[in-house]
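Protein chains in written order, with our numbering: chain A, 80 to 214; chain B, 80 to 214.
Don't be surprised by glycine CBs; every beta carbon is placed ideally from N, CA and C.
Before any comments, here is the structure.
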DNA sequence: TTATTTACCTATCTTGTCAATAGGTTTTTG
DNA sequence: CAAAAACCTATTGACAAGATAGGTAAATAA
């Protein structure tokens, strides 16, 4: 289940993509436009900055802007940096202590296949695909 | 993220499918074979009984058996009855108070598409597809 | 230079779910 | 009638989700 963190992150990124891509946009504006608590967004945007997806500028006239063009940002990236791994089961997460049953597990291939499906889906979509002109 | 409930449920169903499909198998045996706490499995199997996926028989010589043949049971059914809806985001869950933004939401179509993908994947797989002779 | 605006940082809180445990009651058969 | 099984209710501990609160540092416009 994709939580609000990931969903809000995508909405913030999309908001940045839609509103004057070159200048900085203060979080206050985004929060108002998206109707999300600014304080909560701060936590989420921090992850995006750390991931190198957006750039923040302090001080008056500051705000955030995309670090790359929307065509070069995949939804998968946004989700993994805010939600953690997209892996659908714990056994497939990168940090998973490998399960002792893994070798003989009859269900693991099923989860692995779904994992691939999920991964391909979200890394195959770019932020630009969500822009109004594309839809 | 698919939790242990759903994953254990699939393993129990598969265990039932592999071990003498017509007679009853006590949970004690399944728990030992799958190396899962019997007490925890009780909770999970209860959901499977309520869903009409397995049939329980009390008393000595009792146990559980599949209610239908493995070819007629989809993985999706098993998961939805033990985990709840497969919906990847809250806005798409059946009981969701419909979001006021839903009509204009630019990200909803993305989640909806992923929802379809997930649904089709798990309802397209049957328990029989996981049996060793199939793999 | 100073007030203002902004990002940035740390901590706390509440609620709910996950994963499991515990101890009992009822049902059925050998 | 005794054993073995399902079935039932309650509780627990740990952790994450979804925020909220209050402050510090940086940069600019006046």
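Buried or exposed (CB count within 10 angstroms, at least 16 for buried), residue i
i                     : result
residue 149 (chain B) : buried
residue 87 (chain B)  : buried
residue 96 (chain A)  : buried
residue 122 (chain A) : exposed
residue 159 (chain A) : buried
residue 110 (chain B) : buried
residue 142 (chain A) : buried
residue 127 (chain A) : buried
residue 100 (chain A) : exposed
residue 90 (chain A)  : buried
residue 129 (chain B) : exposed
Beta-carbon proximity list for residue i, same chain, < 8 Å, skipping 5 on both sides
i                     : result
residue 224 (chain A) : The question about residue 224 (chain A) has no answer here: the residues shown for chain A are numbered 80 through 214.
residue 184 (chain B) : 170 and 178
residue 156 (chain B) : 130, 132 and 202
Contact list for residue i against chain B, beta-carbon separation under 7 Å
i                     : result
residue 161 (chain A) : Those within 7 Å of residue 161 (chain A) in chain B number zero; the least Cβ separation is about 13 Å.
residue 204 (chain A) : 189
Listed by chain order, chain B residues near residue i by CB distance under 8 Å
i                     : result
residue 167 (chain A) : 80 and 81
residue 154 (chain A) : 189
residue 95 (chain A)  : Those do not exist, as residue 95 (chain A) stays about 13 Å from chain B at its closest Cβ, beyond 8 Å.
Neighbour list for residue i in chain B, Cβ cutoff strictly below 9 Å
i                    : result
residue 90 (chain A) : 184, 185 and 186
Residues that residue i contacts on chain A, provided the C-beta gap is smaller than 8 Å
i                     : result
residue 193 (chain B) : 197, 200 and 201
Close beta carbons around residue i, own chain, < 7 Å, minus the five adjacent residues each side
i                     : result
residue 84 (chain B)  : 123, 161 and 162
residue 193 (chain A) : 167
residue 187 (chain B) : 170 and 181
residue 164 (chain B) : 172 and 173
residue 133 (chain B) : 95, 124, 127, 143, 144, 145 and 146
residue 191 (chain B) : 171
residue 98 (chain B)  : 104
residue 112 (chain A) : 94
Close beta carbons around residue i, own chain, < 6 Å, minus the five adjacent residues each side
i                     : result
residue 103 (chain B) : 136, 141, 142 and 144
residue 154 (chain B) : 201 and 204
residue 93 (chain B)  : 209
Residues that residue i contacts on chain A, provided the C-beta gap is smaller than 7 Å
i                     : result
residue 209 (chain B) : 185, 186 and 189
residue 86 (chain B)  : 168 and 186
Quiz item: Does the region 133 to 147 of chain B come close enough to the region 165 to 174 of chain B that 3 or more CB-CB pairs lie under 8 Å?
Solution: These segments do not touch.
Quiz item: Of all the beta strand (DSSP E) runs that stay within the bounds of the region 104 to 191 of chain A, which reach a length of 3 or more residues?
Solution: Inside the region 104 to 191 of chain A, DSSP marks whole beta strand (DSSP E) runs of 3 or more residues at positions 133 to 136 and 142 to 145, from first to last along the chain.
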